[in-house]
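Quick note, the sequence shown lines up with residues 470 to 853 if you use the working numbering. We put the beta carbon where it would ideally sit given N, CA and C, even for glycine.
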Amino acid sequence: MKVMIMGMDGYLGWTLAMHLSGRGHEVCGVDNFSRRRNVKELGSWSATPIRSMEQRLKAYKRATGREIEFYEGDLTHYDFTELVIKKERPDTIVHLGEIPSAPYSMIDVEHCNYTQMNNIIGTNNILFAMHKHAPDCHLLKLGTMGEYGTPNLDIPEGFFEIEYRGRRDRLPFPRQPGSWYHLTKVHDTFNIMFACKIWRLRSTDIMQGVVHGIVTDDMVNDDLLTRFDFDQCWGTALNRFCAQAVIGHELTPYGKGGQTRGYIALRDSMQCLTIATENPPDEGEYRVFNQFDECYSVNELAEHVVKVAGELGIEAKIWNIENPRLEAEEHYYNPDHEHLRRLGFKPIHSLDQELRITLSKLMEYRDRIEAKRDAILPTIYWTK
Ligand code: NAD
Ligand code: USQ
């Protein structure tokens, strides 16, 4: 299959490019390197010393003999997006090319609008270019479990049956996102659903939980590493806790720490995205997969990190700091995640096994994390 990865320079994008290429797919990708710039803006960097795209592609060719095609450009520019889709006419587009940070979108009006314009317009440009030049292409779009929020009900995969005033229908499950960023994913959801309806495009909307982990089997040398962030904006919960542990910083569950989300290891995310790529939906079909391994509260995550770090001789401590976000700190959370399992997905490692790998590898980059220690504690507040 020919697969085009939008956002190929990112945490998931670079990892997926190697993974799909390794399975024999023809891979090409797009990125505007905004993630590198945006992390710098917040005074931080990736714990792993990532190489430039040019160096990555050469290193990958050296290590495997395989080539990956790359286009630098911005998906919010329609002419560019149309050009690459028209030129490559991929079988699948994996769309990861969005700004993924909730805190970044909450900084101020500029960051909110930048995130919303970038994400929503980029996705719409892909939809219009697909309609024109690649109508049979499968759009595999990364959404987020955060679209649903934390309702006091079980969460289905995208749709549910509802009876209201004596009538029944199958409707999209209510979306209650918790940041300007998460809202972009909701807007994308409805735009994609609408495009599938009017143009008979096919799409899988992935509601992915929080990703964690540092390496996959494709990263056979350090030139092939993906990024790993740990600062207040770009680091996600479990990755932050691991980075905090290796430099002796207290682990920072926010508030009461009962906030529960679905979490998935990077290598499992690759497995799921591969399964979805290789099992496309029918023409005109819009389907939703909830993608995560298991649900944990942030307190539980911190406890797992303390335990595994202890086994590696690292003494980690937990510090429940003031919550900078507006979110439920104790709540019901029970999302379904059957669709991918039915297609064969099975988590590769237990959480503790994956944490052992992450913590051991991160020890190599302790100095780089220490150098940006000041970027760890939150200063962006939802309500101020
Ligand atoms: P990332 O920031 O590392 O990767 C996104 C890439 O897209 C970056 O390299 C960035 O430069 C590029 N990009 C952004 N806007 C672009 C534009 N307009 N034109 C071209 N390139 C652009 O993020 P990630 O963690 O790899 O996440 C990938 C996707 O998965 C995102 O859509 C994110 O919302 C979603 N997601 C991530 C997680 C997670 O925990 N990492 C969880 C659920 C969903
Ligand atoms: N949290 C802490 N301490 C920290 C960091 C985070 O307690 O040091 C808490 C947050 O308050 C939140 C939970 O951990 O309750 C998850 O936060 P996060 O920063 O790990 O994840 P989030 O902001 O939700 O965003 C991340 C990715 C985003 C993706 C989303 C999936 O950045 O791209 O969409 O995870 S989900 O959470 O399922 O919506």
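Coarse secondary structure for residue i, derived from DSSP in three states
i    : result
I733 : strand
K471 : strand
G498 : strand
I716 : coil
P572 : helix
T561 : strand
D674 : strand
E538 : strand
L795 : coil
T848 : coil
C665 : helix
I783 : coil
V689 : coil
Y801 : coil
V684 : coil
R756 : strand
I624 : strand
H607 : strand
S521 : coil
E567 : coil
A516 : coil
G476 : coil
E839 : helix
R492 : coil
T584 : helix
Per-residue burial, residue i [other beta carbons within 10 Å of its own, 16 or more giving buried]
i    : result
I838 : buried
K841 : buried
V767 : buried
Q677 : buried
N507 : buried
P518 : exposed
Q524 : exposed
T550 : buried
T673 : buried
L812 : exposed
S570 : buried
Q822 : exposed
L640 : exposed
N748 : exposed
S521 : exposed
V684 : buried
N708 : buried
N759 : buried
T705 : buried
Rounded C-alpha distance that separates residue i from residue j
i    : j    : result
I817 : G635 : 45 Å
P847 : P793 : 7 Å
L824 : E538 : 33 Å
T533 : V496 : 14 Å
C421 : D805 : For residue 421 there is no data in the structure shown, the boundaries of the chain being 470 and 853.
W483 : F502 : 12 Å
I631 : L622 : 13 Å
G647 : E510 : 23 Å
I675 : I589 : 16 Å
G612 : I661 : 11 Å
P559 : L596 : 13 Å
N594 : K666 : 17 Å
T695 : S515 : 9 Å
S819 : E784 : 21 Å
G724 : S574 : 21 Å
F761 : V553 : 31 Å
L526 : S738 : 22 Å
E615 : D657 : In the sequence as displayed, the identity of residue 615 is Gly instead of Glu. So the alpha carbons of these two residues sit roughly 13 Å apart.
G591 : L781 : 43 Å
Supposed contact pair residue j and residue i - C-beta distance, whole angstroms, cut 8 Å
i    : j    : result
N645 : P620 : The sequence given here has Gln at residue 645, not Asn. Yes, they are in contact, since the Cβ atoms of Q645 and P620 sit about 6 Å apart, within 8 Å.
H607 : T561 : 5 Å
V680 : I733 : 6 Å
L828 : V777 : 6 Å
T746 : L489 : 7 Å
K555 : H602 : 4 Å
Those residues which DSSP pairs with residue i across a bridge
i    : result
R639 : E630
C764 : G731
Y723 : I790
G612 : M676
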